[in-house]
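One structure is given below, encoded as structure tokens.
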Amino acid sequence: MSRIIFFLTESIRALSRARIPALISSITIAITLLIFSMAYYAYVNLIGYSHEFKKQYRIEVFFNPDVEYRQGLELFNKILLIDGIEQGDFVDKEDAAAIFKKIFNKDVIEIIGDNPLPFGGRFEIDEGFRSASTMNSIVNEIKVINGVDDALFSTGLIMRLDRLVSNILGVGILIGIGIFVISIILVSNTIRLIIHAKQDDIHTFTLLGATKLFIKIPFLLEGILQGLIGSGISLLILIFLRSLLFYILGSYRMIIIEPVMLISGNIVAGCLLGLFASHRSISKYLK
Amino acid sequence: MSRIIFFLTESIRALSRARIPALISSITIAITLLIFSMAYYAYVNLIGYSHEFKKQYRIEVFFNPDVEYRQGLELFNKILLIDGIEQGDFVDKEDAAAIFKKIFNKDVIEIIGDNPLPFGGRFEIDEGFRSASTMNSIVNEIKVINGVDDALFSTGLIMRLDRLVSNILGVGILIGIGIFVISIILVSNTIRLIIHAKQDDIHTFTLLGATKLFIKIPFLLEGILQGLIGSGISLLILIFLRSLLFYILGSYRMIIIEPVMLISGNIVAGCLLGLFASHRSISKYLK
Amino acid sequence: MIRFENVTARYTQETGIFDLSFAVAKGELVFLMGPTGAGKSTVLRAIIRDIPIEKGIITIDKTDVTKLKQRKLPSYRRNIGMIFQDFKLIKGMTVYENISLPLRIVGLSKKMIKDRVTKVIELVGLKGKENSLSMRLSGGEQQRVSIARALVTEPDIILADEPTGNLDPIVSDDIIDILQSTADKGTTVIMSTHNYPLIRPRKKRFIELNDGRLIHQ
Amino acid sequence: MIRFENVTARYTQETGIFDLSFAVAKGELVFLMGPTGAGKSTVLRAIIRDIPIEKGIITIDKTDVTKLKQRKLPSYRRNIGMIFQDFKLIKGMTVYENISLPLRIVGLSKKMIKDRVTKVIELVGLKGKENSLSMRLSGGEQQRVSIARALVTEPDIILADEPTGNLDPIVSDDIIDILQSTADKGTTVIMSTHNYPLIRPRKKRFIELNDGRLIHQ
Ligand SMILES: Nc1ncnc2c1ncn2[C@@H]1O[C@H](COP(=O)(O)OP(=O)(O)OP(=O)(O)O)[C@@H](O)[C@H]1O
Ligand SMILES: Nc1ncnc2c1ncn2[C@@H]1O[C@H](COP(=O)(O)OP(=O)(O)OP(=O)(O)O)[C@@H](O)[C@H]1O
Ligand SMILES: [Mg+2]
Ligand SMILES: [Mg+2]
């Protein structure tokens, strides 16, 4: 116990004496954590954004032309109960005519004197069901309902969105791994340089009979402390960026990561980074 | 001249003697350049992607119902000549009926016995004109043409795309600046650590009567050399990543940055980074 | 007891020590003499296993230390107190911390460390400098710290490499007195030096080297 | 000529040099004596402007060097050859590179550098070691490199801080002979040392310090 306290006070003292190297490696860790946090934040928001974009996933349903208003409503409610349907709009003859007008710029009643368009519905899809394959099975389910003439969704758009989202997710994971590897390399390099400058001292320690563990522990503790300081710096910057973001994009809807999770994540990741990097580096000088 | 050669051989020798620090700072520069290049690559491709996406920018034109086939074709060709129109499809009565069928799932002729739908056209827009405002002015230009009943484009979608693209561009520029600042900090920090370890030597140099410039030059040259090595490493990795990308996404269309530009960009940026960072760092130890 | 048998340890083809054989008894104080570059430091570094030994055997008591496994080295070295020619102080540590380092490596209690360190600090005349950083000391003070660090563990062997180069003759003599008295208590001491006038009056055994070879013992 | 007038330079309240006044004539060789921590190195560091001077005036020839601007320091220091107590060699450079460094700082041609460096290398007895890295030298060899580096520029002033601590008496005497002969050619030399026996036979003027104060000149 007293040894642990000794090592701890020792490494705090070491840090305060070699302030520049300690600060530099803390900054490197802070930058790493910052990039981590922002990448994670961007990732979470991208997924959120893509979900929002997918809100336009819609199934259009046409009822048989002989389906009357009341029967149409019944069909509409029946479809609403199908798994995967989030909500829907009932499309009556007038709505259909309006759509016709919007597309062809002609009044269908003016042309034919009657409204030949059928009742129908427009349904939005639950988040979990927004992929081409699940929507296909929903459509098939709707089609077999008595009184339904046809159900359609725009496959092309959805396929494209699907592809885009999975591309982004894939690239995101790749980038994540890349950032992770690069972080470790950068932090290791920084700490390695610090230890490189101390190799004479390390040699002296071994000549005095110090075991590898005895030499390692202070460096590992220093690494952890630098990780702590680094996570502190990164959190300060993150808080600043967060307020900045709110200030600039005030009205914009952004998914904010829970503070508790962000703070604990940063601290844990910082300490692990510092520990791992200093372990890796010191081991190179203690063959 | 001989002094320059002297300094150069000197710094090459210094690098070869202090291999680990030199390698570490080269790696840091390499990572920086890698991130730069990839960010630039992603940026170029995103812009390309957004342009491709924007291909769906279309203006729908409806002619008066009394416009006959030949007159319709004339109108169509007239519109094609308008600035900003890239190409177009002529929509005849049959096409319009097909669209009607697709949307309402009903045969218009079956319903009315006649095809009341007008001729029209569907026009794609030149890249340079793909924004809500320019499209609006094109539409107005079309509308005044004799025989044109109406011209429409889906404002909402275009607005949304416009916003998305400009968001991506804005965020991209922010990220670019961020990467730039972080790169400089990281490379400076690494080189600063190396110089920090040499501060005793620097002090000795000053005691021997060396001017600041004399002390600086070798460090600057070393910085440039490290930049060169770093850009070499980053180019090797980029070439590897490029082949990997081709292998994975073979069929996919990707915008590849010109090799000459990539190579020269990396080398110049690497040297500048090394030079700037070593200048910044050495200046701190030569008050 | 320290015994060299035909020991060769080289830096380059012609520099190092060659085919050295000699012995130092337990509790003996022996001087290692010879001009610059003779190989005095190399002999001491060979004993502490700081350089690879190419040939020959170095026996301490009954163990052949050239065959010691890497992981046995720490405990072996803890029994040796070495005063390095270039001091090898930890720059960022104070005098107290530097001197207490070997004891902390052994794992002594804080109180015992304090007792012992205070004693040697007084012995080498560094009282009042305990809390100075070692890089803020004069040359002679640094050398004293190095001496104190070697004495503090009360080791079985003391290897003193030119321990008085930065000290004046009176202090140097005091230091040799200290080494002599530790030898009298059973510690084997090898001290390298060029300072013939300093050791001449002591009439001690000396081993003389030149160009890495033994020329007198 | 070097003249100190009531010079005070402190590290802490009680350490440093206090109210020192003395003068050394041009072409004179003077010894600076005193026990460890007396302030010998501090005096020499004050002359080369390596520490801030709190009070007093240091005049060299006719200029008050305590008032020299920062940007005048390089050319001022080029006229001083200092042998540092801790050598201050550039570890990563060879013997040749270390010794030629002051000449390269001055900007001499490659050929002239070679001539001069070869000469001093022979003078201090380092022939054959030209291409050794300075960290791969014995203590005495390192000290010789430091001496050679101070001599190579043929400066107006030589400040030798304990230049013989790692050399044997015969070589030490040779070094002092070299310093004496440079002094005879007009160079002002101040050499700090504790080695009374070494300098006693020379019957030279000496300045003695204790606790940072002059006690004899
Ligand atoms: N690390 C090294 N690498 C290569 N050669 C070395 C190294 N250390 C010492 N030498 C050479 O080995 C020889 C013996 O060196 P050593 O340090 O043993 O001499 P020494 O007797 O202690 O001299 P000194 O009295 O000057 O300290 C010298 O010629 C020296 O140049
Ligand atoms: N950088 C420093 N910071 C603080 N105190 C110092 C520093 N350098 C030296 N001192 C102290 O100043 C005093 C004089 O030191 P100085 O180096 O001048 O002694 P010296 O006469 O050269 O001794 P030695 O013969 O041991 O080299 C000593 O007490 C020393 O501890
Ligand atoms: Mg030696
Ligand atoms: Mg001194």
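Residue numbers (numbering that gives the first Met the number 0), protein chains in the order written: chain Z, 0 to 286; chain A, 0 to 286; chain Y, 0 to 216; chain L, 0 to 216. C-beta: ideal position from N, C-alpha, C; glycine also.
Query, Result
"Using a beta-carbon distance cut-off of less than 9 Å, what residues from the segment 140 to 172 of chain Y approach chain B?", "The chain labelled as chain B is not found among the protein chains of the depicted structure, namely Z, A, Y and L."
"Compile a chain-ordered list of the residues in the segment 181 to 206 of chain A whose CB is closer than 8 Å to at least one CB of chain Z.", "Ile181, Ile184, Leu185, Asn188, Thr189, Arg191, Leu192, Ile193, His195 and Ala196"
"Who are the Cβ neighbours of Z:Val138 in its own chain at under 7 Å, not counting the five residues just before and after it?", "Ile58, Ala150 and Phe152"
"DSSP three-state label for Y:Ser108, please.", "coil"
"Is it the case that the segment 9 to 23 of chain A contacts the segment 116 to 130 of chain A, given that we only count it when at least three CB pairs across the two stretches are under 8 Å?", "no"
"Can you name, in chain order, every residue of its own chain whose Cβ lies under 8 Å from the Cβ of L:Leu122, other than the five neighbours on each side?", "Ala147, Leu150 and Ile177"
"Whether or not the segment 73 to 84 of chain A and the segment 122 to 135 of chain A are in contact is what I'm after, with contact meaning three or more pairs of Cβ atoms, one per stretch, closer than 8 Å; do they touch?", "yes"
"Quick one: is the Cβ of Y:Lys87 within less than 7 Å of any heavy atom of ligand 3?", "no"
"Near L:Thr7, what residues of its chain come up, given a Cβ to Cβ distance below 8 Å and the 5 sequence neighbours on each side ignored?", "Gly15, Ile16, Phe17, Asp18, Leu19, Ile52, Glu53, Lys54 and Gly55"
"Taking buried to mean at least 16 other C-beta atoms within 10 Å of its own C-beta, is L:Met202 buried or exposed?", "The sequence given here has Lys at residue 202 of chain L, not Met. Exposed."
"Quick check on the burial criterion: 16 or more other C-beta atoms within 10 angstroms. Buried or exposed for L:Thr11?", "exposed"
"Provide the residue(s) that pair with Y:Lys219 in DSSP beta bridges, ordered along the chain.", "A question about residue 219 of chain Y goes unanswered here, because the residues of chain Y that appear run from 0 up to 216."
"Ignoring anything shorter than 3 residues, give me the beta strand (DSSP E) runs that lie fully in the segment 72 to 100 of chain Y, in order along the chain.", "79 to 82"
"Which one of A:Leu206, A:Asp148 and A:Tyr56 has the shortest CA to CA distance from A:Met134?", "A:Tyr56"
"So is the beta-carbon of L:Tyr10 under 7 Å away from any non-hydrogen atom of ligand 2?", "yes"
"Given the structure, does L:Asp160 come close to ligand 4, in the sense that its CB is under 7 Å from one of the ligand's heavy atoms?", "yes"
"Just curious, the beta strand (DSSP E) that Y:Met190 is in, first and last residue?", "Thr187 to Thr192"
"Compute every distance between the C-beta of Y:Leu213 and the non-hydrogen atoms of ligand 1, then say whether any falls below 7 Å.", "no"
"For the beta strand (DSSP E) containing A:Asp148, list its first residue and its last residue.", "Val147 to Leu151"
"With a Cβ-Cβ cutoff of 8 Å, do A:Ile232 and A:Ser10 count as a contact?", "no"
"What number of angstroms, rounded off, separates the C-alpha of Z:Tyr68 from the C-alpha of A:Asp106?", "21 Å"
"Between L:Asn209 and L:Ala45, is the Cβ-Cβ spacing less than 8 Å?", "no"
"Mind listing the chain A neighbours of L:Ser131? Cutoff is C-beta to C-beta under 9 Å, in chain order.", "Ordered by position in chain A, no residue passes the 9 Å Cβ test against L:Ser131, which lies about 13 Å from the chain."
"Can you look up L:Gln142 in the DSSP assignment and give me helix, strand or coil?", "helix"
"For the segment 182 to 199 of chain A and the segment 75 to 86 of chain L, state whether three or more C-beta atom pairs, one from each stretch, are separated by less than 8 Å.", "no"
"Between the segment 24 to 51 of chain Z and chain A, which residues of the former have a C-beta closer than 7 Å to a C-beta of the latter?", "Ile26, Thr27 and Ile30"
"Can you determine whether any heavy atom of ligand 3 sits closer than 7 Å to the C-beta of Z:Gln225, and answer yes or no?", "no"
"With DSSP as the reference, identify every bridge partner of Y:Met32, one or two as the case may be.", "Y:Thr192 and Y:Glu207"
"How would you list, in chain order, the residues of chain L whose beta-carbon sits under 7 Å from the beta-carbon of A:Ala21?", "Under the 7 Å cutoff, chain L gives no residues; its nearest Cβ is about 12 Å from A:Ala21."
"Which residue comes first and which comes last in the alpha helix (DSSP H) that contains Z:Gly138?", "The sequence shown places Val at residue 138 of chain Z, not Gly. From DSSP, the alpha helix (DSSP H) with Z:Val138 extends over Ala131 to Lys142."
"Please check the pair A:Gly291 and A:Ala38, which I expect to be a contact at CB under 8 Å, by giving their CB distance rounded to whole angstroms.", "Past the edges of chain A, shown from 0 to 286, lies residue 291 of chain A, and the structure says nothing about it."
"Under the rule that 16 or more other beta-carbon atoms within 10 Å means buried, what is A:Ile176, buried or exposed?", "exposed"
"Measuring only the C-alpha atoms, how far is Z:Asn76 from A:Gly120?", "39 Å"
"Using alpha carbons as the reference points, say which of A:Ile174, A:Ile184 and A:Pro258 lies closest to A:Ser277.", "A:Ile184"
"Can you tell which of Y:Asp172, Y:Lys87 and Y:Val23 has its C-alpha closest to the C-alpha of Y:Ile57?", "Y:Val23"
"Once the 5 residues before and after L:Phe21 are set aside, which same chain residues still bring their CB inside 7 Å of it?", "Phe3, Ile206, Leu213 and Gln216"
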